[in-house]
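**Student:**
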């Protein structure tokens with residue numbers, strides 16, 4: 010029989026917020042530094058009826074790897090990973106590592122998270138609603154927070170209230186946390202950074218803004234409805250300094266991506282990242298090509314009819 014597990018593994022991921030399509034490196038560490046260990050890499054998928062995760066061996070890791078690192082190529086969506094180490098003579102396996110997450114702001118039809126109000130920064134006492142959407146009737150909302158060396162992953166019912174597929178948070182107790190949805194069918198949604206503040210905050214969308222769309226950034230002071238004479242900064246560079254209390258970008262471009270913050274009466278807000286995603290050009294291109302093809306066929310038909318030829322529809326089997 011296999012001996013009892015006496016060693017643990019610790020997984021690290023880098024980066025934890027990669028750009029869409031980038032590579033991510035997983036590294037597995039454990040207490041025994043002797044030779045002969047192989048490393049096994051797993052995808053962590055949400056359990057349907059439990060708080061934890063089930064672990065699915067990654068295809069390229071069936072026989073294990075000699076190296077204690079593993080590269081995930083073309084990471085596009087939020088994912089959870091785990092690892093463990095094993096060896097023979099004597100046969101021994103460490104326990105699964107605690108899952109680590111690679112987060113993405115990119116949503117997909119199967120599972121998506123939306124935040125209302127749509128901004129990263131909120132006042133501590135403000136109510137925030139986290140909505141899950143997609144192909145599932147069962148959802149749980151997770152929060153990742155860390156304080157010093159303490160890392161906590163907890164469900165909505167510990168810090169909010171579930172109502173259908175939404176989690177309502179009345180009080181943001183953590184200054185900075187990552188939130189995401191997990192479906193009953195084992196899907197992860199996009200993730201969102203949410204921070205809480207007590208005085209001044211910048212109004213920057215928490216979700217990526219589509220290239221070409223318009224967006225309005227604001228500045229909010231606790232207890233004040235509307236501000237004037239606000240300075241706005243993009244990547245620490247002053248870009249607007251007049252009586253307006255808002256920053257309007259009529260057609261967002263990739264150059265608008267970056268960190269934004271505002272200043273009012275000597276107070277400076279924390280900065281927030283505004284992500285910009287590319288236009289959905291595929292459907293537009295498909296419709297354009299289809300229209301061109303129809304026009305060409307009609308022109309060909311008219312040309313051949315003018316020559317006295319007839320067409321017969323071919324039925325393909």
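Numbering (our numbering), first residue to last: 10 to 326. Idealized CB from N, CA, C, for every residue including glycine.
Considering only the alpha carbon of each residue, which of 165, 181, 172 lies closest to residue 189?
**Tutor:** Residue 189 has its Cα closest to that of 165, out of 165, 181, 172.
**Student:** Would you call the segment 14–31 and the segment 54–74 touching, i.e. three or more CB-CB distances under 8 angstroms?
**Tutor:** Touching, no.
**Student:** State the start and end residues of the unbroken alpha helix (DSSP H) segment that holds residue 158.
**Tutor:** Premise fails: residue 158 is in no alpha helix (DSSP H) and is neither H nor E.
**Student:** Just to confirm the assignment, what range does the beta strand (DSSP E) spanning residue 49 have?
**Tutor:** Residues 47–55.
**Student:** Do residue 102 and residue 35 count as a contact pair if the criterion is CB distance below 7 angstroms?
**Tutor:** No, these two residues do not count as a Cβ contact at 7 angstroms.
**Student:** With 16 as the cutoff for other CB atoms within 10 Å, does residue 277 come out buried or exposed?
**Tutor:** Exposed, since its Cβ has fewer than 16 Cβ neighbours within 10 Å.
**Student:** Comparing C-alpha positions only, which one of 20, 223, 250 sits nearest to residue 111?
**Tutor:** Nearest option by C-alpha distance: 20.
**Student:** Under DSSP, the beta strand (DSSP E) around residue 62 begins and ends at which residues?
**Tutor:** Its beta strand (DSSP E) spans residues 62–66.
**Student:** Assign residue 292 to one of two classes, buried (16 or more other C-beta atoms within 10 Å of its C-beta) or exposed (fewer than that).
**Tutor:** Residue confidence for residue 292 is low, a pLDDT of 40 falling below 50, so the modelled location carries little weight; the figure read from the coordinates is stated next. Result: exposed.
**Student:** Kindly give me the distance between the Cβ atoms of residue 261 and residue 221, rounded to whole angstroms, as I take these residues to be in contact under 8 angstroms.
**Tutor:** Confirmed, about 7 angstroms.
**Student:** Go through its chain and collect everything with a Cβ distance to residue 29's Cβ below 6 angstroms, but skip five positions before and after it.
**Tutor:** Excluding positions up to five away in sequence, the list reads 85, 115.
**Student:** Kindly indicate which three-state DSSP category residue 42 falls into: helix, strand or coil?
**Tutor:** Correct three-state label for residue 42: coil.
**Student:** Would you tell me roughly how many angstroms separate the C-alpha atoms of residue 351 and residue 43, rounded to the nearest one?
**Tutor:** For residue 351 there is no data in the structure shown, the boundaries of the chain being 10 and 326.
**Student:** Can you tell me the Cα-Cα spacing of residue 81 and residue 201, whole angstroms?
**Tutor:** C-alpha separation (whole angstroms): 22 angstroms.
**Student:** Taking residue 282 as part of the alpha helix (DSSP H), name the residues at either end of that continuous run.
**Tutor:** Here residue 282 belongs to no alpha helix (DSSP H); instead the beta strand (DSSP E) covers 281–283.
**Student:** What separation, rounded to the nearest whole angstrom, lies between the Cα atoms of residue 50 and residue 38?
**Tutor:** Taking the straight line joining both Cα atoms gives about 12 angstroms.
**Student:** Taking only the alpha-carbon atoms, compute the straight-line gap between residue 157 and residue 187 and give it to the nearest angstrom.
**Tutor:** Computed Cα separation, rounded: 16 angstroms.
**Student:** Rounded to whole angstroms, what is the Cα-Cα separation between residue 57 and residue 91?
**Tutor:** Computed Cα separation, rounded: 18 angstroms.
**Student:** Just checking my contact of residue 152 with residue 163 at CB under 8 angstroms: how many whole Å lie between their CB atoms?
**Tutor:** Yes, they are in contact, since the Cβ atoms of residue 152 and residue 163 sit about 6 angstroms apart, within 8 angstroms.
**Student:** Under three-state DSSP, which class holds residue 130?
**Tutor:** DSSP places residue 130 in strand when its eight states are reduced to three.
**Student:** Would you be able to state if there are at least three C-beta pairs under 8 angstroms between the segment 262–277 and the segment 237–244?
**Tutor:** Segments in contact, yes.
**Student:** So does the segment 225–233 actually touch the segment 250–257, counting three or more Cβ pairs closer than 8 angstroms?
**Tutor:** Judged by Cβ distances under 8 angstroms, the segment 225–233 makes contact with the segment 250–257, as three or more pairs qualify.
**Student:** Report the residue from 46, 31, 32, 60 whose alpha carbon sits nearest the alpha carbon of residue 191.
**Tutor:** Checked all of 46, 31, 32, 60; the closest Cα to residue 191 is 60.
**Student:** In the structure shown, what three-state DSSP assignment does residue 167 receive?
**Tutor:** DSSP places residue 167 in helix when its eight states are reduced to three.
**Student:** Return no unless some Cβ of chain D is closer than 7 angstroms to the Cβ of residue 180.
**Tutor:** You won't find chain D in this structure, because it holds only one protein chain.
**Student:** Going by DSSP, name the residue or residues bridged to residue 238.
**Tutor:** For residue 238, which the question treats as bridged, DSSP gives no partner whatsoever.
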